[in-house]
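Residue numbers (our numbering): 115 to 421.
Heads up, the beta-carbon is just placed ideally off N, CA and C, and yes, glycines get one too.
To start, the structure itself, in structure tokens.
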Amino acid sequence: MKIVRFTAEGATRLGALEGGEVVEFPGVASAQEFIAGGAASMAAARQAIASGKGRRALAGVKLLAPIVPSTILCSGSNYTDHNKEKANTPISGKEPEFFVKTADCVIGPEDAIAHDERLAKKLDSETELAIVIGKAGRFIPQEKALEHVFGYTIVNDVTARDRQVRRTPQGVTWYELGRGKAFDTSAPLGPCITTADEVPDPQALRLRTRINGELRQSASTANMIWNCAQLVHFFSVNFTLKPGMVIITGTPGGTAWSVDPELGGKWIGGDGGEKLTPAKGYLQPGDVIECELEKIGVLRNTVRAAA
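Written as structure tokens, this is what we have:
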């Protein structure tokens, strides 16, 4: 099932995406409420779909971020080809990078990503598989980790590289992940949450990024250094994972960072088996970003100059 949140007739609603239609779930408006309902929510959703009532044309509604999580737990340096294309820190690829985004960062499908040079001149895009937690837990064993997953969505980990990357004249690199990763409009999320029963293997999904129609990233989630189960375990050591929390899992090679020698970038072309077009530079107003993940869909956003 593909869970969506949308506005229609001035109200926010929750429902399921069925082809070119949206089926409304009566009486529930947030994904957090739906997830908390567990099996009863899923049974009611299936009944709503089967009834044929509450159907609307997808073209007639405005899709929102399917969930606005209070906390997005973020992992970085989780694909070898991305690590090869960038200036690394001494621990890159040896343990998951750990940073946090908040609800203030989240925007939905077709919403504008703000380009504000007062914040950054080197704005970059990163398509990432996102895990939506469905069952609470702390110190979750890796072998039981996927039992705590409600479903999967897409997050574009928009990054201000000139705030993230720090280098000394001697070439020593470190990252300021909070400054470079967490800011307004830095977490486009959507277009739906695909429930876990429809994604039996989250390590077998094709991921792509297109910017203005050019293929910039292409990889399989099989290429992750730490898989989804390992990341759920990893973050549960620090936090009690709660229903509605989101974990993002890193991005593969093909970012604009790879063509920026000033910040230690090195173009390698990715290892996803498809020919990539190297970026001509960082994101600019008017750029259209399409983040695609198999079994989930396409998250599309346009970069706009800040007012």
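Next item on the list: Return yes when the Cβ of residue 357 is within less than 8 Å of the Cβ of residue 422, no when it is not.
Entry: Nothing can be reported for residue 422, as the shown portion of the chain is limited to 115 through 421.
Note to self: At the level of alpha carbons, what is the spacing between residue 375 and residue 290?
What the structure shows: A direct Cα-Cα distance of roughly 18 Å separates residue 375 from residue 290.
Check: Does the separation of the CB atoms of residue 239 and residue 403 fall below 8 Å?
Finding: If you check the CB distance, residue 239 and residue 403 come in under 8 Å.
Check: What does a CB cutoff of less than 8 Å around residue 173 pick up in its chain, not counting 5 residues either side in sequence?
Finding: Correct list, in chain order: 134.
Note to self: Would the segment 223–238 count as touching the segment 333–346 if we require 3 or more Cβ pairs under 8 Å?
What the structure shows: Taking 8 Å as the limit for Cβ pairs, the verdict is that the segment 333–346 does not touch the segment 223–238.
Check: Going by alpha carbons, who is nearest to residue 139 out of 146, 147, 130?
Finding: Of the candidates 146, 147, 130, the residue whose Cα lies closest to the Cα of residue 139 is 130.
Check: residue 349 to residue 211, Cα distance in whole Å?
Finding: About 11 Å.
Note to self: Quick check: what's the CA-CA separation for residue 264 versus residue 258?
What the structure shows: One alpha carbon belongs to residue 264, the other to residue 258, and they sit about 13 Å apart.
Check: Any idea what DSSP makes of residue 372, helix, strand or coil?
Finding: Three-state result, residue 372: helix.
Notebook entry, point to check: Given a threshold of 16 other Cβ atoms within 10 Å of its Cβ, counted over all protein chains shown, does residue 438 qualify as buried or as exposed?
Noted result: This structure leaves residue 438 out entirely; the chain is present only between 115 and 421.
Next item on the list: Quick one: give me the first and last residue of the alpha helix (DSSP H) that residue 342 is part of.
Entry: Unbroken alpha helix (DSSP H) run through residue 342: 342–352.
Check: Quick one: Cα of residue 178 to Cα of residue 195, how far?
Finding: Distance between the alpha carbons of residue 178 and residue 195: 32 Å.
Next item on the list: To the nearest angstrom, report how far apart residue 216 and residue 162 are at their CA atoms.
Entry: Between the C-alpha atoms of residue 216 and residue 162 there is a straight-line separation of about 32 Å.
Notebook entry, point to check: Just curious, the alpha helix (DSSP H) that residue 147 is in, first and last residue?
Noted result: DSSP places residue 147 in the uninterrupted alpha helix (DSSP H) bounded by 145–150.
Next item on the list: Would you grab the beta carbon distance between residue 366 and residue 381 for me? Rounded to a whole angstrom, and I think it's under 8 Å.
Entry: Not quite, the Cβ-Cβ distance comes to about 14 Å (not below 8 Å), so this is no contact.
Item checked: For residue 318, the three-state DSSP class (helix, strand or coil) -> Under the three-state reduction of DSSP output, residue 318 falls in the coil class, being neither helix nor strand.
Check: Exposed or buried, residue 415, counting other C-beta atoms within 10 Å across all chains shown (16 or more means buried)?
Finding: The residue in question, residue 415, is buried, as its Cβ has 16 or more Cβ neighbours within 10 Å.
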